[in-house]
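These notes concern the structure reproduced below.
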Amino acid sequence: MIDRKPENPGRIAEEYAIGVRFKQGLGTHGLYEQNKINERFFVGDQWYGANCGNDRPLVRHNVIKRIGDYKLAVVGSSPIAVNYSAEGVPNTIGEKERIHRIREEMAAGEISGLIINTEIPTDEEINLIMSSLSDYFRVTAERVKFDDLKETALRNAYQSGTGILYTYWDDRIRTGLYADESQNTPIVGDIGCEVLDIENVYFGDPNLDDVQEQPYILVAQRKSVAAVRREARRNGVPEYEIDKIQTDRDTGNMAELEPDESHKTTLLTKFWKEWDKDGKNYKIMAVKTCCGATVRKKWDMKIRLYPLAKFSWERRRNCAYGESEITYLIPNQIAINRMITASVWAVMMMGMPIMIINGDTVPGEITNDPGQIIRIYGDQNDVASAVRYVNPPNFSPNFDNNIASLINNTLTQSGANDAALGDIRPDNTSAIIAVREAATMPLQQVQARFYSFCEDVARIWAEFWVMLYGDRKLKIEDDTGTWYMPFKADRYKNLLISTRVDVGASNLWSESQSIRTLDNLFDRQVIDVIQYLTRLPKGTIPNLNGLIRDLQATNRAVSSAQMGNTTPPMAAPAGIGDTETPYTGVPMDSFSESAQQIMESSPDQTTTALLRALANAQIP
């Protein structure tokens with residue numbers, strides 16, 4: 014009889030088997046097989062298993078990837094910023110201004126931090142910490158390469174229906190911080206992140222969509238037997254348990270491509286909630302098992318959230334696993350490929366038709382090579398009947414139109430029309446933008462789920478910070494530079510921390526729109542040249558900061574010269590020479606060499622605005 018304790022290896026193996034059977038029965042082909050099919054079609058391996066041979070070309074017109082790349086770009090292209098707040102703590106405009114002043118003083122080294130003289134953190138202290146955590150999120154995101162992780166999770170969600178990001182505590186990370194002023198006690202340990210394939214994640218209740226409501230979660234990994242045994246020894250597992258860890262082939266469809274000599278086994282990590290006797294409070298527990306042996310005994314993760322965030326591309330009703338739209342695009346993709354291939358083959362048959370050879374009169378081998386000399390024996394009648402061509406059937410001229418119509422209908426029904434994909438002439442930019450925005454409307458629900466996924470990740474990170482960081486300094490990068498905020502995690506364990514994702518402009522149209530808006534503001538004299546430059550999209554002009562400094566120095570020099578000369582400068586005449594800047598009449602050699610190079614290499618639109626600004630810019 015199996016021990017029913019949640020950490021028992023036999024029970025975990027049973028739960029794993031139940032999860033595998035559920036996935037095998039999900040959908041028409043089962044989750045494992047369907048995901049493999051979807052991935053092949055996305056990357057272009059679309060004739061797999063068709064048994065069409067390879068003597069003729071098998072054409073691929075990959076509309077699935079075209080649709081997928083567009084939707085992935087729309088959903089994940091906008092930059093995000095995470096803002097933390099504590100429930101029940103007011104944060105007015107005046108409070109935000111005070112926090113801003115405190116942060117500036119701390120960054121300048123004028124104060125070391127808030128004076129903590131209360132047992133319970135004050136509202137001002139909490140708001141300062143929440144503001145710092147918002148900045149620290151960006152620092153952590155850069156360290157763990159969160160942008161790459163988001164892209165991978167998003168791609169997994171599109172191909173398989175579900176993307177999973179797993180956050181864990183890595184006690185091997187060297188932080189570069191010390192617990193004492195003498196720097197004898199280094200602080201080690203920080204969070205790490207990994208994207209998991211949905212094939213390797215098993216939810217205890219597959220009918221629950223909410224990850225945090227799951228009774229337990231299993232994560233399956235294929236690892237070498239030697240690596241698992243080493244991990245078991247580090248965890249103090251007895252040798253008789255370690256001897257149970259053996260190579261297995263029961264992979265749950267995870268390892269079909271493994272060679273027989275790989276000597277791998279399936280390592281199962283289980284997370285579950287362990288409630289107290291009153292059923293009011295719980296702890297997140299974890300255990301690692303393999304082949305009926307315990308690799309790491311159950312331990313308290315010291316957090317109150319499951320460390321997994323989930324994103325579903327399309328939700329299934331009453332199911333924790335999402336659905337991919339590729340599944341339902343595959344029939345159209347097969348039809349498109351077959352029709353285009355048939356069209357190509359028909360043209361080939363017209364150019365190189367089938368030949369019928371009389372073997373009695375043509376002894377040699379015949380090919381369709383141009384210019385081949387055929388040796389024929391017999392009289393004139395034999396020559397006429399020696400070689401004949403089989404006329405191919407007539408090919409409908411409407412066939413190509415049907416192909417184009419099927420491709421267009423597939424793209425349109427998927428929300429990827431010509432305007433959305435950028436396949437139309439930009440004669441009317443405003444109309445194109447309007448049509449494009451209308452095309453992206455159906456994706457707003459997917460975007461909302463993706464931003465909710467990012468908020469879940471941010472909430473999990475905050476849970477690790479307040480529960481496991483202890484006393485350490487947070488690295489802050491803001492407008493003032495890089496500085497460190499003292500952080501006492503124990504003081505904030507009982508806070509109910511909320512997260513909000515602020516979304517920036519999409520990269521699809523933002524640069525041209527930003528420059529056009531700045532041009533309008535400058536033409537109306539709402540902003541000056543320096544304000545114009547400082548708000549240009551990143552990367553628009555090389556060495557932008559250097560150009561701003563050169564312009565400031567030049568304008569100060571011009572202002573000083575004008576104080577001694579009351580005659581205002583004349584506007585440059587039409588057809589001005591190469592030695593003067595357009596609009597200003599200021600000689601080019603009055604600018605530094607770097608400024609001249611920047612002006613010459615800048616985009617025409619931006620350069621025009623800058624040079625137009627130089628004529629009247631005044632620096633106080």
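For the sequence shown, our numbering gives the first residue as 14, with consecutive numbering after it. No residue lacks a Cβ here, since even glycine has one placed at the ideal position from N, Cα and C.
Please classify residue i as buried or exposed, where buried requires at least 16 neighbouring CB atoms within 10 angstroms.
{"i": "Lys-18", "result": "exposed"}
{"i": "Arg-242", "result": "buried"}
{"i": "Met-361", "result": "exposed"}
{"i": "Met-363", "result": "exposed"}
{"i": "Gly-249", "result": "exposed"}
{"i": "Glu-226", "result": "exposed"}
{"i": "Ala-584", "result": "Unreliable placement is indicated for Ala-584, whose pLDDT of 41 sits below 50; the coordinate value is still reported in the next sentence. So Ala-584 ends up on the exposed side."}
{"i": "Ala-239", "result": "exposed"}
{"i": "Met-454", "result": "exposed"}
{"i": "Glu-287", "result": "exposed"}
{"i": "Trp-326", "result": "buried"}
{"i": "Asp-484", "result": "exposed"}
{"i": "Arg-116", "result": "buried"}
{"i": "Asn-48", "result": "buried"}
{"i": "Gln-426", "result": "exposed"}
{"i": "Asp-148", "result": "buried"}
{"i": "Asp-222", "result": "buried"}
{"i": "Thr-592", "result": "Residue placement at Thr-592 is flagged as unreliable, the pLDDT there being 48, under the threshold of 50; a coordinate-derived value is accordingly withheld."}
{"i": "Asp-183", "result": "exposed"}
{"i": "Lys-36", "result": "buried"}
{"i": "Pro-22", "result": "buried"}
{"i": "Gln-59", "result": "buried"}
Alpha carbon to alpha carbon, how far is residue j from residue i? Give it in angstroms, no decimals.
{"i": "Gly-292", "j": "Phe-54", "result": "48 Å"}
{"i": "Gly-324", "j": "Glu-164", "result": "A small fix is needed here, since residue 324 is Phe in this sequence, not Gly. Phe-324 and Glu-164: Cα-Cα distance of roughly 12 Å."}
{"i": "Ala-99", "j": "Ile-510", "result": "5 Å"}
{"i": "Val-33", "j": "Ala-233", "result": "11 Å"}
{"i": "Pro-366", "j": "Ser-356", "result": "15 Å"}
{"i": "Ser-527", "j": "Ala-166", "result": "30 Å"}
{"i": "Lys-486", "j": "Thr-512", "result": "21 Å"}
{"i": "Ala-306", "j": "Glu-20", "result": "11 Å"}
{"i": "Phe-150", "j": "Ser-144", "result": "10 Å"}
{"i": "Gly-205", "j": "Met-480", "result": "15 Å"}
{"i": "Glu-27", "j": "Ser-173", "result": "25 Å"}
{"i": "Ile-129", "j": "Tyr-482", "result": "18 Å"}
{"i": "Thr-260", "j": "Lys-277", "result": "5 Å"}
{"i": "Val-470", "j": "Leu-321", "result": "8 Å"}
{"i": "Asn-371", "j": "Ala-399", "result": "5 Å"}
{"i": "Tyr-497", "j": "Asp-161", "result": "26 Å"}
{"i": "Val-214", "j": "Ile-124", "result": "48 Å"}
{"i": "Lys-488", "j": "Ala-192", "result": "15 Å"}
{"i": "Lys-109", "j": "Met-119", "result": "15 Å"}
{"i": "Phe-466", "j": "Leu-424", "result": "27 Å"}
{"i": "Tyr-29", "j": "Leu-85", "result": "32 Å"}
{"i": "Glu-207", "j": "Leu-564", "result": "47 Å"}
{"i": "Tyr-319", "j": "Thr-282", "result": "13 Å"}
{"i": "Tyr-390", "j": "Ala-359", "result": "33 Å"}
What residue range does the alpha helix (DSSP H) around residue i cover?
{"i": "Gly-89", "result": "76-89"}
{"i": "Glu-164", "result": "159-173"}
{"i": "Asn-415", "result": "412-426"}
{"i": "Ala-30", "result": "22-37"}
{"i": "Ala-120", "result": "106-120"}
Between which two residues does the beta strand (DSSP E) holding residue i run?
{"i": "Asn-51", "result": "No beta strand (DSSP E) contains Asn-51, which is instead part of the alpha helix (DSSP H) from 44-56."}
{"i": "Thr-198", "result": "Counting along the chain, Thr-198 falls outside any beta strand (DSSP E), and DSSP gives it neither H nor E."}
{"i": "Thr-512", "result": "510-516"}
{"i": "Val-72", "result": "Counting along the chain, Val-72 falls outside any beta strand (DSSP E), and DSSP gives it neither H nor E."}
{"i": "Val-542", "result": "First-last for Val-542: 542-547, but that is the alpha helix (DSSP H), not the beta strand (DSSP E)."}
{"i": "Asn-96", "result": "93-99"}
{"i": "Arg-401", "result": "400-403"}
Determine contact between the region 372-379 and the region 343-353, defined as no fewer than three beta-carbon pairs at a distance below 8 Å.
Verdict: no, contact absent.
For the region 289-377, which segments carrying the beta strand (DSSP E) assignment without a break, of at least 3 residues, lie completely within its bounds, in sequence order?
Segments of the beta strand (DSSP E) lying fully in the region 289-377: 295-303, 306-313, 321-325, 367-370.
Those runs of the beta strand (DSSP E) which lie wholly inside the region 447-501 and span at least 3 residues:
Listed in chain order, they are 484-491, 494-501.
Three CB pairs or more closer than 8 Å across the region 537-549 and the region 475-495:
Segments in contact, no.
Do three or more CB pairs link the region 150-159 to the region 75-92 at distances below 8 Å?
As far as the Cβ criterion goes, the region 150-159 does not touch the region 75-92, which means the pair count is below three.
If we require 4 or more residues per run, which alpha helix (DSSP H) segments fall completely within the region 200-271?
The region 200-271 contains these whole alpha helix (DSSP H) runs: 238-247, 252-255.
Three CB pairs or more closer than 8 Å across the region 103-110 and the region 465-478:
Contact annotation: the region 103-110 does not touch the region 465-478, with fewer than three C-beta pairs closer than 8 Å.
Quick check: the region 296-315 against the region 330-345, are there 3 or more CB pairs under 8 Å?
No, because fewer than three Cβ pairs between the region 296-315 and the region 330-345 fall closer than 8 Å, the two stretches do not touch.
Take every Cβ of the region 289-304, pair it with every Cβ of the region 184-204, and state whether three or more of those distances are shorter than 8 Å.
The way I'd put it, the region 289-304 doesn't touch the region 184-204; fewer than three beta-carbon pairs between them come closer than 8 Å.
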